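Student:
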Amino acid sequence: MDCYTANWNPLGDSAFYRKYELYSMDWDLKEELRDCLVAAAPYGGPIALLRNPWRKEKAASVRPVLDIYSASGMPLASLLWKSGPVVSLGWSAEEELLCVQEDGAVLVYGLHGDFRRHFSMGNEVLQNRVLDARIFHTEFGSGVAILTGAHRFTLSANVGDLKLRRMPEVPGLQSAPSCWTALCQDRVAHILLAVGPDLYLLDHAACSAVTPPGLAPGVSSFLQMAVSFTYRHLALFTDTGYIWMGTASLKEKLCEFNCNIRAPPKQMVWCSRPRSKERAVVVAWERRLMVVGDAPESIQYKQLTIQVLLDRLVLRRLYPLAIQICEYLRLPEVQGVSRILAHWACYKVQQKDVSDEDVARAINQKLGDTPGVSYSDIAARAYGCGRTELAIKLLEYEPRSGEQVPLLLKMKRSKLALSKAIESGDTDLVFTVLLHLKNELNRGDFFMTLRNQPMALSLYRQFCKHQELETLKDLYNQDDNHQELGSFHIRASYAAEERIEGRVAALQTAADAFYKAKNEFAAKATEDQMRLLRLQRRLEDELGGQFLDLSLHDTVTTLILGGHNKRAEQLARDFRIPDKRLWWLKLTALADLEDWEELEKFSKSKKSPIGYLPFVEICMKQHNKYEAKKYASRVGPEQKVKALLLVGDVAQAADVAIEHRNEAELSLVLSHCTGATDGATADKIQRARAQAQKK
24 MDCYTANWNP
34 LGDSAFYRKY
44 ELYSMDWDLK
54 EELRDCLVAA
64 APYGGPIALL
74 RNPWRKEKAA
84 SVRPVLDIYS
94 ASGMPLASLL
104 WKSGPVVSLG
114 WSAEEELLCV
124 QEDGAVLVYG
134 LHGDFRRHFS
144 MGNEVLQNRV
154 LDARIFHTEF
164 GSGVAILTGA
174 HRFTLSANVG
184 DLKLRRMPEV
194 PGLQSAPSCW
204 TALCQDRVAH
214 ILLAVGPDLY
224 LLDHAACSAV
234 TPPGLAPGVS
244 SFLQMAVSFT
254 YRHLALFTDT
264 GYIWMGTASL
274 KEKLCEFNCN
284 IRAPPKQMVW
294 CSRPRSKERA
304 VVVAWERRLM
314 VVGDAPESIQ
324 YKQLTIQVLL
334 DRLVLRRLYP
344 LAIQICEYLR
354 LPEVQGVSRI
364 LAHWACYKVQ
374 QKDVSDEDVA
384 RAINQKLGDT
394 PGVSYSDIAA
404 RAYGCGRTEL
414 AIKLLEYEPR
424 SGEQVPLLLK
434 MKRSKLALSK
444 AIESGDTDLV
454 FTVLLHLKNE
464 LNRGDFFMTL
474 RNQPMALSLY
484 RQFCKHQELE
494 TLKDLYNQDD
504 NHQELGSFHI
514 RASYAAEERI
524 EGRVAALQTA
534 ADAFYKAKNE
544 FAAKATEDQM
554 RLLRLQRRLE
564 DELGGQFLDL
574 SLHDTVTTLI
584 LGGHNKRAEQ
594 LARDFRIPDK
604 RLWWLKLTAL
614 ADLEDWEELE
624 KFSKSKKSPI
634 GYLPFVEICM
644 KQHNKYEAKK
654 YASRVGPEQK
664 VKALLLVGDV
674 AQAADVAIEH
684 RNEAELSLVL
694 SHCTGATDGA
704 TADKIQRARA
714 QAQKK
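For my numbering, add 23 to where a residue sits in the sequence shown, where the first one is 1.
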């Protein structure tokens, strides 16, 4: 039995513990930690060390080295620091390393030392420099808080969605606070700082003095402070050697401990025992470590979710293990295997010792048509690594043209983007590429590109018709499309020109274009319009009134209405208006004027080419039966019945229909017979029908 308990050691009166190695520690530090800026990620994540930071005793020529290790000391990355002096390091919740420089720039690196991006904490920080900085975590993401040389605070609660906030000024603050930290209360980031014996809480609007309840008297300065990971608890170390522990809201004291050490500690952090609600504060000096505890936590820390665990495995490039976990847990493809394969593909494109063809083929063989995988995202990563040709090959596997085109444009492969957009049949996508090409190419190259793509050319013409008429004209000129050029100048003569001379000049250009297009009809019609415009201007000058922009027919009608019959007839001769059309125009105009005498004279001037039924119809339209009857008698036999019915002479219409022995006319007259008034006429028609049937 002794062999089973031999490696167990007593811990207090009722507990035992044993120690055994799970894995070996691989640390091989070449310099002491006191010479490094150190940042450890939560949950046993990576540890970053910036060796040889800008210490006065170090030679100016020695460049710092940024090393990243796993928690067990395995080297993950090492790079020579070539940027400015760094004030603070910290890890984001996504395990990205944030390096805060003295000038307020924040450089972001990946787990393996790959540079991701950078951002600035603002001009004020740049001007006043950074004295100190904190990386903190909230439910929104990871934040950065800055203390500037002007002793002002600036923070962003989420570096993923950067919104800078300048915190209120602390009254009378002339030097750096003795200690400070970032808090998150009620979903808002705050700054807690100590100035001598006083504590101040800064939010976005105000600076408030706060007092820890139950604090031992005699405190003249706070030397260190630490907030728990959940931001629920706070620990303060005073110059009297007391450690005060309570809620971060400073409304409740949990305990207070006199450690009998007045020197400021190097570090003070919160920790917890496994599977326990008890919380403790660990305080470290140069050669001493102290644990102060018995502060129960009301809510357990949130544990790592399966998605965060998978993210951490992916960051460490342990793709097979991550896939096995997904398959074991039967996660949906989009959340599990597909997402991991996409990460693997993004890593694969960074292997520059493998040819583009081999990488593209390997990725396609592995991914195929896996749902949830975006080849365009993988291609974007390849392009970001400087592998443009690989990105193009990967885009060939992307089934969605809408995802292909934006990246092709970004890669300056605009002509290929245009082809892909046209293949998609999405006109909006084609327009997007066309506008990009227009800004990218010179005018000649742009037009040549369009000539090789008929669909794109057609769409661009439609766009130009509404937005860029001059460009449309240039397109027609380049294509020697004289027919469309003529039509363009016709529209331009009315849309753009107000002066008669300019309009006539535009029409002349249109006529010339139509002649070049061998469209003589259009050319002659355009020349006639030019003549009409000149004549209309002359009529306005001589007669007054409005003639410009009237049609030829309306011009004739206007002259007749104005009593200028001879001018109207001369205009009709000049423009070869057919007699029938002229008679209709004059008939209508005189009836509108109700000039019945002139109308009668006109009807007798010569034989009407349109007959006399129109005279009857026009007169009846003007409700003048008297005048209509004058013309009903002159209507020819084939339209006599209709004319008589129009003037209301049903009996005479019946006589004519019976005389013509026309069944259709008889039926028409019969349909106009109403009541007792026309009873005799109806009987007469019926008798005529009966006699016709006997014969």
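Glycine is no exception: its CB is placed at the ideal position from the N, C-alpha and C atoms.
Computed from a predicted model, the values in this text were never measured in an experiment.
Between which two residues does the alpha helix (DSSP H) carrying Gly525 extend?
Tutor: As a position in the sequence shown, residue 525 is number 502, starting the count at 1. From DSSP, the alpha helix (DSSP H) with Gly525 extends over 523-539.
Student: Helix, strand or coil for Arg474? Go by DSSP, reduced to three states.
Tutor: Counting from 1 along the sequence shown, the entry for residue 474 is found at position 451. Three-state DSSP puts Arg474 in a helix.
Student: Quick check on Phe142: does DSSP put it in helix, strand or coil?
Tutor: If you number the sequence shown from 1, residue 142 lands on position 119. Strand at Phe142.
Student: Can you look up Ala307 in the DSSP assignment and give me helix, strand or coil?
Tutor: Taking the sequence shown and counting its residues from 1, the one referred to as residue 307 is at position 284. In the structure shown, Ala307 sits in a strand (DSSP, three-state: E or B).
Student: Please determine, among Met144, Thr161, Leu149, the residue with the shortest C-alpha to C-alpha distance to Leu187.
Tutor: As a position in the sequence shown, residue 187 is number 164, starting the count at 1. It is Met144.
Student: Are the CB atoms of Pro240 and Gly269 nearer to each other than 8 Å?
Tutor: Numbered from 1 along the sequence shown, position 217 holds the residue referred to as residue 240. Numbered from 1 along the sequence shown, position 246 holds the residue referred to as residue 269. Going by C-beta atoms, Pro240 is not nearer than 8 Å to Gly269.
Student: Could you tell me whether the stretch 148-158 touches the stretch 169-179, using the rule of 3 or more Cβ pairs below 8 Å?
Tutor: Contact between the stretch 148-158 and the stretch 169-179 is present, because at least three Cβ pairs lie under 8 Å.
Student: For Glu162 and Tyr92, I'd like the C-alpha separation in whole angstroms.
Tutor: What you label residue 162 is simply residue 139 of the sequence shown in a count that begins at 1. What you label residue 92 is simply residue 69 of the sequence shown in a count that begins at 1. Going from the Cα of Glu162 to the Cα of Tyr92 covers about 26 Å.
Student: Using three-state DSSP, classify Ser251 as helix, strand or coil.
Tutor: In the sequence shown, residue 251 corresponds to position 228, counting from 1. Of the three classes helix, strand and coil, the one that applies to Ser251 here is coil, per DSSP.
Student: Distance check for Asp672 and Thr704, CA to CA, integer angstroms please.
Tutor: The residue labelled residue 704 in the question sits at position 681 within the sequence shown. The residue labelled residue 672 in the question sits at position 649 within the sequence shown. Straight-line Cα distance between these residues: approximately 11 Å.
Student: CB-CB under 7 Å to Trp606, same chain, minus the five flanking residues each way: which ones, in chain order?
Tutor: Position 583 of the sequence shown, counted from the start, is the residue given in the question as residue 606. Closer than 7 Å at the Cβ level, and outside the excluded window around Trp606, lie Ser631, Pro632, Ile633.
Student: Thinking C-beta only, is Trp31 closer than 8 Å to Arg41?
Tutor: On the sequence shown, residue 41 is found 18 positions in, with the first residue counted as 1. On the sequence shown, residue 31 is found 8 positions in, with the first residue counted as 1. In this structure, Trp31 lies closer than 8 Å to Arg41 by Cβ.
Student: Given this structure, state the Cα-to-Cα distance separating Val360 from Glu118, to the nearest angstrom.
Tutor: Numbered from its first residue, the sequence shown carries residue 360 at position 337. Numbered from its first residue, the sequence shown carries residue 118 at position 95. Val360 and Glu118: Cα-Cα distance of roughly 21 Å.
Student: Specify the secondary structure class of Lys375 as computed by DSSP and reduced to three states.
Tutor: Position 352 of the sequence shown, counted from the start, is the residue given in the question as residue 375. Coil.
Student: Mind listing, in chain order, the continuous alpha helix (DSSP H) runs of no fewer than 4 residues lying wholly within the stretch 601-629?
Tutor: Within the stretch 601-629, the complete alpha helix (DSSP H) runs of at least 4 residues are 602-616, 619-628.
Student: Given Val396, which residues of its chain have a CB within under 7 Å of its CB, disregarding the five upstream and five downstream residues?
Tutor: Reading the sequence shown from its first residue, position 373 is the one you call residue 396. Excluding sequence neighbours, Val396 sits near Ser361, Leu364, Ala365, Leu390.
Student: If the criterion is Cβ atoms closer than 8 Å, does the pair Met434 and Thr450 meet it?
Tutor: As a working note, residue 434 is residue 411 in the sequence shown. As a working note, residue 450 is residue 427 in the sequence shown. In this structure, Thr450 does not lie closer than 8 Å to Met434 by Cβ.
Student: Which residues in the same chain as His512 place their Cβ atom closer than 6 Å to its Cβ, once the five residues preceding and following it in sequence are excluded?
Tutor: Start at 1 with the first residue of the sequence shown, and residue 512 comes out as number 489. So the list reads Ala529, Thr532, Ala533, once near-sequence residues are dropped.
Student: Kindly indicate which residue of Asn465, Glu463, Val453, Gly525 has the alpha-carbon position closest to the one of Arg484.
Tutor: Counting from 1 along the sequence shown, the entry for residue 484 is found at position 461. Taking only the C-alpha atoms, the option nearest Arg484 is Val453.
Student: Just the C-alpha distance for Asp701 and Thr580, rounded to the nearest angstrom, thanks.
Tutor: Working through the sequence shown from its first residue, we reach residue 701 at position 678. Working through the sequence shown from its first residue, we reach residue 580 at position 557. The alpha-carbon atoms of Asp701 and Thr580 are separated by roughly 41 Å.
Student: Based on DSSP bridge pairs, tell me the residues matched to Gly166.
Tutor: Your numbering for residue 166 matches position 143 in the sequence shown. Phe159.
Student: When the Cα of Gly448 is compared with those of Cys408, Tyr635, Ala479, Leu89, which residue comes out closest?
Tutor: The residue you call residue 448 lines up with position 425 of the sequence shown. Among Cys408, Tyr635, Ala479, Leu89, the Cα nearest to that of Gly448 is on Ala479.
Student: How many angstroms separate the CA atom of Trp203 from the CA atom of Gln197?
Tutor: Taking the sequence shown and counting its residues from 1, the one referred to as residue 203 is at position 180. Taking the sequence shown and counting its residues from 1, the one referred to as residue 197 is at position 174. Looking at the two C-alpha atoms, the distance is approximately 15 Å.
Student: Is it buried or exposed for Leu45, if we count other Cβ within 10 angstroms and need 16 for buried?
Tutor: Here residue 45 refers to the residue found at position 22 when the sequence shown is read from its first residue. It is exposed - the Cβ of Leu45 has fewer than 16 other Cβ atoms within 10 Å.
Student: Looking only at its own chain, which residues have a Cβ that is under 6 Å from the Cβ of Ile322, when we skip the five neighbours before and after it?
Tutor: On the sequence shown, position 299 is the one that residue 322 refers to. Bear in mind that a pLDDT of 34 at Ile322, under 50, signals an unreliable position, so the model cannot answer this.
Student: Please return the same chain residues whose Cβ sits closer than 6 Å to the Cβ of Gly525, not counting the five positions on each side in sequence.
Tutor: Counting from one through the sequence shown, the residue named residue 525 turns up at place 502. Taken in chain order, the list of residues that qualify is empty.
Student: For Pro288, collect the residues of the same chain with a Cβ closer than 8 Å to its Cβ; drop the 5 residues on either side in sequence, then sort them by chain order.
Tutor: As a first step, residue 288 must be located in the sequence shown, where it is residue number 265. Result list for Pro288: Leu246, Gln247, Phe260, Val306, Ala307, Trp308, in chain order.
Student: In terms of DSSP beta bridges, what is Asp90 paired with?
Tutor: Translated into positions along the sequence shown, residue 90 becomes position 67. For Asp90, which the question treats as bridged, DSSP gives the partners Leu72, Ser101.
Student: In angstroms with no decimal places, state the Cα-to-Cα distance between Glu565 and Phe486.
Tutor: For the purposes of this step, residue 565 is taken as residue 542 along the sequence shown, with counting starting at 1. For the purposes of this step, residue 486 is taken as residue 463 along the sequence shown, with counting starting at 1. Those two C-alpha atoms are separated by around 44 Å.
Student: Any idea what DSSP makes of Ile266, helix, strand or coil?
Tutor: Translated into the one-based positions of the sequence shown, residue 266 becomes position 243. Of the three classes helix, strand and coil, the one that applies to Ile266 here is strand, per DSSP.
Student: Can you give me the C-alpha to C-alpha distance between Cys282 and Glu275, rounded to a whole angstrom?
Tutor: As a first step, residue 282 is located in the sequence shown; it is residue number 259 there, counting from the start. As a first step, residue 275 is located in the sequence shown; it is residue number 252 there, counting from the start. The alpha-carbon atoms of Cys282 and Glu275 are separated by roughly 21 Å.
Student: Report the rounded CA-to-CA distance for Tyr517 versus Ser628, giving the unit in angstroms.
Tutor: Taking the first residue of the sequence shown as position 1, residue 517 is located at position 494. Taking the first residue of the sequence shown as position 1, residue 628 is located at position 605. Using only the alpha carbons, I get a separation of about 39 Å.
Student: Quick one: Cα of Met24 to Cα of Phe39, how far?
Tutor: Position 1 of the sequence shown, counted from the first residue, corresponds to residue 24. Position 16 of the sequence shown, counted from the first residue, corresponds to residue 39. Summary for Met24: the model assigns pLDDT 45, below 50, so the residue's position carries little reliability; its value from the coordinates is reported in the next sentence. Cα to Cα, Met24 sits roughly 16 Å from Phe39.
Student: Look at the alpha carbon of Leu216 and the alpha carbon of Glu192, and state the distance between them as a whole number of angstroms.
Tutor: Within the sequence shown, the letter at position 193 stands for residue 216. Within the sequence shown, the letter at position 169 stands for residue 192. Answer to the nearest angstrom: the Cα atoms are 12 Å apart.
Student: Helix, strand or coil: how does DSSP classify Arg285 here?
Tutor: Indexing the sequence shown from 1 puts residue 285 at position 262. In the structure shown, Arg285 sits in coil (DSSP, three-state: anything other than H, G, I, E or B).
Student: What is the DSSP secondary structure of Tyr370, counted as helix, strand or coil?
Tutor: Residue numbering aside, residue 370 sits at position 347 when the sequence shown is read from its first letter. It is helical.
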